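Since the structure comes first, as structure tokens, the remarks are kept for the end.
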Amino acid sequence: MKGIFFAIIGGGCLTLQGVANSHITQGIGTWKTATITQLTGFIVSCIILMLTRDYHLGSLKQVKPLFLTGGALGAIIIFSNVTAIHHIGVTLTVALLLISQLGFTFITDRFGWFEGKKQEVRLSQLIGIGMMVLGVAILQIA
Amino acid sequence: MIIGLLLGCLAGILVSLQNTLNSKLNAHAGTWMTTTWVLGLGFLASFVIGFIVEGTNFLNLRNMEIWYWFSGVLGVFVVSCLMQGIHLLGATYAISIVLTSQIGFALLFDSLGLFGLEKIPFHNTKLLGVLVIISGIFVFKLDGRQRIED
Chain U
1272 MKGIFFAIIG GGCLTLQGVA NSHITQGIGT WKTATITQLT GFIVSCIILM LTRDYHLGSL
1332 KQVKPLFLTG GALGAIIIFS NVTAIHHIGV TLTVALLLIS QLGFTFITDR FGWFEGKKQE
1392 VRLSQLIGIG MMVLGVAILQ IA
Chain P
2 MIIGLLLGCL AGILVSLQNT LNSKLNAHAG TWMTTTWVLG LGFLASFVIG FIVEGTNFLN
62 LRNMEIWYWF SGVLGVFVVS CLMQGIHLLG ATYAISIVLT SQIGFALLFD SLGLFGLEKI
122 PFHNTKLLGV LVIISGIFVF KLDGRQRIED
């Protein structure tokens, strides 16, 4: 029960952050929004890291450089997310985001990209994605 | 319209890519080291792009309001919630609920017109659309296979 609560709050805050960022963008522009929100996130995360003493700087060297670059995508993710929200609203933005997110993860797994293990396609996954697309179509009728 | 649709899809692809890349780092460095690194790099990238796009005007913080700084803290709060959720429920269930909550709250925020959003009137058809999407998420996710990282 507690786990469900955390998951619901986490998901709600993810959407809330998109909406808040979209609002902030109107005040100071997209790139400043992306810059300051990640800066404050970084600072708070640093503090937590210090408090938990869970830092392993050496571990950064054990990972191939490619796997260190994911963070840089954050700039473009925030840009795309807030711009999409401006154009098509939150519901449709989140719906498309989730479909392409699950879809791309599915393709990544299917072909074993990024040193992952190749996984077979399951019918349930195709049906799931199909249902999500159908849901978006229904949203558009309304 | 079409730009919004394309950017929504682009965001999802990049989130997926970021999750895949970060999961490798996470396995070696732990959650908070990874989160700190990822946000730090995201900050740097945004700063550089912003400076290139806007020039010195980028450093002008005139229209800044205090609460703008706190949106970023939400991101860290999300990470803690996900850690707890995954710890208590396992990745598959936790992430399915997170995705469900994301789309559910999206419909709520659109209907309320929160944060200066253009209010998009609530419709039963919209609720039906969201419920079909949520069912799709569970059909996709609950196929008995685990993928820890996303």
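Listed in order, the protein sequences are those of chains U and P. Take 1272 as the starting number for the first sequence in the numbering used here and just add one per residue. Take 2 as the starting number for the second sequence in the numbering used here and just add one per residue. All residues carry an ideal CB built from backbone N, CA and C; glycine is no exception. Since the model is a prediction, treat every value here as computed from it, not as a measurement.
query                                                                                                                       : result
Cα-Cα separation, U/F1380 to U/G1374                                                                                        : The question names Phe, but residue 1380 of chain U in the sequence shown is Asp. Going from the Cα of U/D1380 to the Cα of U/G1374 covers about 10 Å.
Unbroken stretches of the alpha helix (DSSP H), 4 residues or longer, contained in the region 1282-1335 of chain U          : 1301-1323 and 1330-1333
Neighbourhood of U/R1393 by C-beta distance below 6 Å, restricted to the same chain and skipping five residues each side    : none
Option nearest P/F71 by Cα separation, candidates U/Y1326, U/I1314 and U/D1325                                              : U/I1314
Interface residues of chain U facing P/G114 [CB-CB closer than 8 Å]                                                         : In chain order: nothing, as chain U lies at least about 10 Å away.
Touching by the beta-carbon criterion (3+ pairs, under 8 Å), the region 1362-1374 of chain U and the region 7-19 of chain P : yes
C-alpha gap between P/K142 and P/A12, whole angstroms                                                                       : 20 Å
Reduced DSSP secondary structure (H/G/I, E/B, other) of P/I104                                                              : helix
Counted within 10 angstroms of its Cβ, other Cβ atoms place P/Q103 as buried (16 or more) or exposed                        : buried
Beta-carbon neighbours of P/G130, restricted to chain U and to distances below 9 Å                                          : T1362, A1366, L1405, G1406, V1407, A1408, I1409, L1410, Q1411, I1412 and A1413
P/I121 (DSSP reduced to helix, strand or coil)                                                                              : coil
Within chain P, the residues that U/G1298 reaches when beta carbons sit closer than 9 Å                                     : N64, M65, E66 and Y69
DSSP-derived helix/strand/coil call for U/F1382                                                                             : helix
8 Å Cβ cutoff, U/R1393 in contact with chain P                                                                              : yes
Exposed unless 16 or more other CB atoms sit within 10 angstroms - verdict on U/N1292                                       : buried
Separation of U/H1327 from P/G137, as counted between CA atoms                                                              : 39 Å
Within chain P, the residues that U/F1338 reaches when beta carbons sit closer than 8 Å                                     : L22, N23, K25 and L26
Beta carbon of P/L75 nearer than 8 Å to that of U/L1287                                                                     : yes
Residue of U/I1280, U/I1349 and U/G1283 minimising C-alpha distance to U/A1305                                              : U/I1349
Counted within 10 angstroms of its Cβ, other Cβ atoms place U/Q1309 as buried (16 or more) or exposed                       : buried
Backbone secondary structure at P/I149 - three-state DSSP                                                                   : The predicted position of P/I149 is uncertain, since its pLDDT is 48 and thus under 50; a value taken from the coordinates is nonetheless stated next. Coil, per DSSP.
Three or more C-beta pairs below 8 Å linking the region 1333-1342 of chain U and the region 80-94 of chain P                : no
C-beta contact flag for P/V16 and U/Q1390 at 8 Å                                                                            : no
Which listed residue (P/K25, P/H29, P/I50 and P/L22) has its alpha carbon closest to that of U/T1301                        : P/I50
Reduced DSSP category for P/M65 - H, G, I as helix; E, B as strand; rest coil                                               : coil
Any C-beta of chain P under 8 Å from that of U/F1389                                                                        : The amino acid at residue 1389 of chain U is misidentified as Phe; the sequence shows Lys. With 8 Å as the cut-off, U/K1389 does not count as an interface residue toward chain P.
CA-to-CA distance, P/G91 to P/L128, given in whole angstroms                                                                : 28 Å
Cβ of P/T93 within 8 Å of any chain U Cβ                                                                                    : no
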